[in-house]
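Residue numbers are given in my numbering: position 275 of the sequence shown equals residue 340, and the series is strictly consecutive.
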Amino acid sequence: MNTDHTSEQRQLTRGQIVAFTAATIPMIAVGVGGGIGTYANAKAQLGSGQTALGMLAAGEGATLIAAIVMIAVTMLGQAAPRTARAALWLFPIAASVMGLVIAPAFREAVIYALTPLAMTAAAEGASFVARRIVTYTTRTDMEAQRRNSELMRRIAFHQAQAQRHPWKWVRNRSELTAWRLMRKVGSGDAQLGSGLINVQRTRLTDGADSALLLMLTGSREPITTHPEPRALTTGEPTRETEPSTVSLGGHTTHDSEPTTPHLADPRPALHTSDQRISREPVLIPSEPTLTKAPTLAPETTPSETDEPDLTGVDEKERQITVLAHRLRSGESLTKTTAAQLLGVSPATAGRRLKDARDRITEGTGLYL
Numbered sequence: 066m067n068t069d070h071t072s073e074q075r076q077l078t079r080g081q082i083v084a085f086t087a088a089t090i091p092m093i094a095v096g097v098g099g100g101i102g103t104y105a106n107a108k109a110q111l112g113s114g115q116t117a118l119g120m121l122a123a124g125e126g127a128t129l130i131a132a133i134v135m136i137a138v139t140m141l142g143q144a145a146p147r148t149a150r151a152a153l154w155l156f157p158i159a160a161s162v163m164g165l166v167i168a169p170a171f172r173e174a175v176i177y178a179l180t181p182l183a184m185t186a187a188a189e190g191a192s193f194v195a196r197r198i199v200t201y202t203t204r205t206d207m208e209a210q211r212r213n214s215e216l217m218r219r220i221a222f223h224q225a226q227a228q229r230h231p232w233k234w235v236r237n238r239s240e241l242t243a244w245r246l247m248r249k250v251g252s253g254d255a256q257l258g259s260g261l262i263n264v265q266r267t268r269l270t271d272g273a274d275s276a277l278l279l280m281l282t283g284s285r286e287p288i289t290t291h292p293e294p295r296a297l298t299t300g301e302p303t304r305e306t307e308p309s310t311v312s313l314g315g316h317t318t319h320d321s322e323p324t325t326p327h328l329a330d331p332r333p334a335l336h337t338s339d340q341r342i343s344r345e346p347v348l349i350p351s352e353p354t355l356t357k358a359p360t361l362a363p364e365t366t367p368s369e370t371d372e373p374d375l376t377g378v379d380e381k382e383r384q385i386t387v388l389a390h391r392l393r394s395g396e397s398l399t400k401t402t403a404a405q406l407l408g409v410s411p412a413t414a415g416r417r418l419k420d421a422r423d424r425i426t427e428g429t430g431l432y433l
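Structural data, given as C-alpha cells:
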C-alpha cells in the first residue's frame with residue numbers, strides 16, 4: 066500500500082539515541098546543581114532547612130514541573146501551552162528575586178540571583194531536544210504550525226478590519242499591522258519552505274527551458290519544416306485542385322508529401338448529399354456546368370480528370386502548370402498560398418506564380 070511521504074514515521078538510529086542521551090544527561094546535571102546551590106544559599110542565610118526547601122520548591126520545583134509538562138505534550142506531538150512556557154521563565158525569576166532579597170551583600174546577591182537560572186536552562190534545553198525528536202520522527206513541527214496558525218488568524222482579522230472598519234485611522238493601522246505580520250509567516254516551518262522551493266524549482270526549470278529554446282532556435286515555438294496547406298472554408302466559391310481532395314461540405318484530406326502531390330479527381334465533391342452551402346459557386350465560362358453527380362469508376366486515370374497530364378514533366382514545369390491551372394480556374398493565389406500548395410519557399414513560389422501568370426497571358430496552352 067502506498068503511503069504519503071510526509072505521513073511516514075521515521076525511527077531514530079542507535080547512534081542518534083546515544084547522542085541525545087549523552088546531551089540530555091548534562092542538562093539534567095546542570096538543573097540539579099542549580100537546585101542544590103539555591104538550597105544551600107537559602108539555608109546559609111535563613112538558618113532553617115525547611116524554609117530553604119520551601120524556597121527551592123517554589124522556584125526550581127515549579128520550574129521543573131513546567132519543564133515536565135512541556136516535554137510531555139511535546140512527546141505527544143502537541144504544541145506546548147503558553148502557561149507552561151511562561152511558567153518556565155516566571156518561576157526562576159521569582160527564585161532570583163528571593164535570592165536578591167536574602168543576600169547580605171552585592172557579591173552574594175549576584176550569585177544568589179543567577180543560581181536559579183540553571184534550572185531554566187536545563188528545562189528549556191530538554192524540551193527543545195524533545196520537540197526536535199518528535200519533529201524528526203513525525204515530520205510535523207507542531208510548534209511552528211501553532212505559530213503560523215496564530216499569525217494567519219491575526220492577519221485575517223487585521224485585513225478584515227482594514228477593509229470594513231468605519232474609522233479611517235483604524236483601517237490604516239490594521240493594514241500596516243497586517244503587512245508587519247506577513248513578514249513572520251512561515252518562520253521555522255520546514256514543510257512550507259520545502260513546498261516553496263519545489264514550486265520555484267519548477268518555475269526555474271520552465272524559465273530555463275524557454276530561454277534555451279529562444280537562444281538556440283530564435284523562436285519560442287518549435288519551427289515546422291513543412292507548413293500545412295491552407296484549408297478552404299465552405300464559403301469559398303472556387304474549386305480546390307491542390308494535392309488534396311476538398312468537398313463542398315468542408316472536409317479536406319491532405320496528402321502526406323506536399324512536394325509530389327497526387328492530383329485527385331475533385332468531382333466527388335459535387336454529390337448533393339455532401340453539399341451544405343446555400344448558393345452555387347461562380348464558375349468561369351471555360352468550365353462546363355455539371356448538372357448531376359457523375360458515377361465514378363473505382364480507379365481514375367489522369368485522362369478522366371480536368372487536371373493536366375504531368376507525366377514526364379520536370380518539377381519546375383509541374384509546379385508552373387499546377388499554378389496556371391488554378392489561376393485558370395479563377396482561384397486567387399498569393400505568394401504565401403502558392404508556397405503552402407507547392408511545399409517550397411515563398412521566394413520560389415513567387416517566381417513560379419509569375420511564370421504561371423505569364424503563360425496564361427501568352428496563351429501557351431501548357432495548362433490545358
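Glycine is no exception: its CB is placed at the ideal position from the N, C-alpha and C atoms. All of these numbers come straight from a predicted model, not from anything done at the bench.
> Counting along the chain, where does the alpha helix (DSSP H) carrying Leu121 start and finish?
Replying inline: One-based indexing of the sequence shown puts residue 121 at position 56. Segment Gly114 to Leu121, the alpha helix (DSSP H) holding Leu121.
> Got a sec: is the Cβ-Cβ distance from Gln384 to anything in chain B below 9 Å?
Replying inline: No chain B appears in this structure, which consists of one protein chain only.
> Roughly how many whole angstroms lie between the Cα atoms of Ala127 and Phe156?
Replying inline: Here the question's residue 127 lines up with position 62 in the sequence shown. Here the question's residue 156 lines up with position 91 in the sequence shown. Rounded to whole angstroms, Ala127 to Phe156 spans 6 Å at the Cα level.
> Apart from the five residues on each side of it in sequence, which residues of its chain come closer than 7 Å, Cβ to Cβ, to Ala183?
Replying inline: Reading the sequence shown from its first residue, position 118 is the one you call residue 183. The answer, listed in chain order, is Val95, Gly96, Gly98 and Gly99.
>> If you measure between the beta carbons of Ala168 and Ile176, is that distance less than 9 Å?
In response: For the purposes of this step, residue 168 is identified with residue 103 of the sequence shown, where counting begins at 1. For the purposes of this step, residue 176 is identified with residue 111 of the sequence shown, where counting begins at 1. Against a cut-off of 9 Å, the Cβ pair of Ile176 and Ala168 comes out as a contact.
> So, helix, strand or coil for Pro456, using DSSP?
Replying inline: Any answer about residue 456 is impossible in this case: the structure gives the chain only from 66 up to 433.
>> I need the DSSP call for Arg248, collapsed to helix, strand or coil.
In response: Taking the sequence shown and counting its residues from 1, one reaches residue 248 at position 183. Arg248 falls in the coil class under three-state DSSP.
>> List, from N- to C-terminal side, the alpha helix (DSSP H) runs of 4 residues or more that fit wholly inside the stretch 84–158.
In response: 114–121 and 127–140
> What whole-angstrom Cβ distance do Leu129 and Ala188 have, given they're in contact under 8 Å?
Replying inline: Counting from 1 along the sequence shown, the entry for residue 129 is found at position 64. Counting from 1 along the sequence shown, the entry for residue 188 is found at position 123. With 8 Å as the limit, Leu129 and Ala188 qualify as a contact, their Cβ atoms being about 7 Å apart.
> Skipping 5 residues on each side, what residues in its chain have a beta carbon closer than 7 Å to that of Val235?
Replying inline: What you label residue 235 is simply residue 170 of the sequence shown in a count that begins at 1. Excluding residues within five positions, the ones whose Cβ falls inside 7 Å are Gln226.
> Assuming Gly124 contacts Ala174 under a Cβ cut-off of 8 Å, what Cβ separation, rounded to an integer in Å, is found between them?
Replying inline: The residue labelled residue 124 in the question sits at position 59 within the sequence shown. The residue labelled residue 174 in the question sits at position 109 within the sequence shown. Going by Cβ atoms, the distance from Gly124 to Ala174 rounds to 15 Å, so no, they are not a contact pair.
> Beta-carbon separation of Ala145 and Val134 under 9 Å?
Replying inline: Counting from one through the sequence shown, the residue named residue 145 turns up at place 80. Counting from one through the sequence shown, the residue named residue 134 turns up at place 69. Result yes, Cβ atoms of Ala145 and Val134 sit closer than 9 Å.
> Between which two residues does the alpha helix (DSSP H) harbouring Leu407 extend?
Replying inline: As a working mapping, residue 407 is identified with position 342 in the sequence shown. Its alpha helix (DSSP H) spans residues Lys400 to Leu407.
> Is the beta carbon of Val250 sitting closer than 9 Å to the one on Met207?
Replying inline: Counted from its first residue, the sequence shown places residue 250 at position 185. Counted from its first residue, the sequence shown places residue 207 at position 142. No, the pair does not count as a contact, with Cβ atoms beyond the cut-off.
> Where does Ser397 fall in DSSP's three states?
Replying inline: In the sequence shown, counting from the first residue as 1, residue 397 sits at position 332. In this structure, Ser397 counts as coil in the three-state DSSP scheme.
> Any idea if Met120 is buried or exposed, counting beta-carbon neighbours within 10 angstroms, 16 or more meaning buried?
Replying inline: For the purposes of this step, residue 120 is identified with residue 55 of the sequence shown, where counting begins at 1. Result: buried.
> At a cut-off of 8 Å, is Gly119 close to the ligand GDP when judged by its beta-carbon and the heavy atoms of the ligand?
Replying inline: This structure simply doesn't include the ligand GDP, nor any ligand for that matter.
> Asp254 by DSSP, collapsed to three states: which one?
Replying inline: One-based indexing of the sequence shown puts residue 254 at position 189. Reduced to three states, the DSSP call for Asp254 is coil.
>> If I measure Cβ to Cβ from Arg422 and keep anything under 7 Å in the same chain, skipping five residues before and after, which residues do I get?
In response: In the sequence shown, counting from the first residue as 1, residue 422 sits at position 357. Closer than 7 Å at the Cβ level, and outside the excluded window around Arg422, lie Leu392.
> Whose C-beta lies closer than 6 Å to the C-beta of Gly164 among residues of the same chain, with five residues either side of it excluded?
Replying inline: In the sequence shown, the residue the question calls residue 164 occupies position 99. Here the set comprises Tyr177 and Ala178.
> Which residue from Thr89, Lys419, Met92 and Arg197 puts its Cα closest to that of Thr139?
Replying inline: As a working mapping, residue 139 is identified with position 74 in the sequence shown. For Thr139, the nearest C-alpha among the options comes from Arg197.
> Which stretch, first to last residue, makes up the alpha helix (DSSP H) that contains Ser192?
Replying inline: Position 127 of the sequence shown, counted from the start, is the residue given in the question as residue 192. Where Ser192 is concerned, the enclosing alpha helix (DSSP H) stretches over Leu182 to Thr203.
> For the alpha helix (DSSP H) that Glu427 lies in, which residues bound it at each end?
Replying inline: Walking along the sequence shown from the start, residue 427 turns up at place 362. Counting along the chain, the alpha helix (DSSP H) containing Glu427 begins and ends at Pro411 to Glu427.
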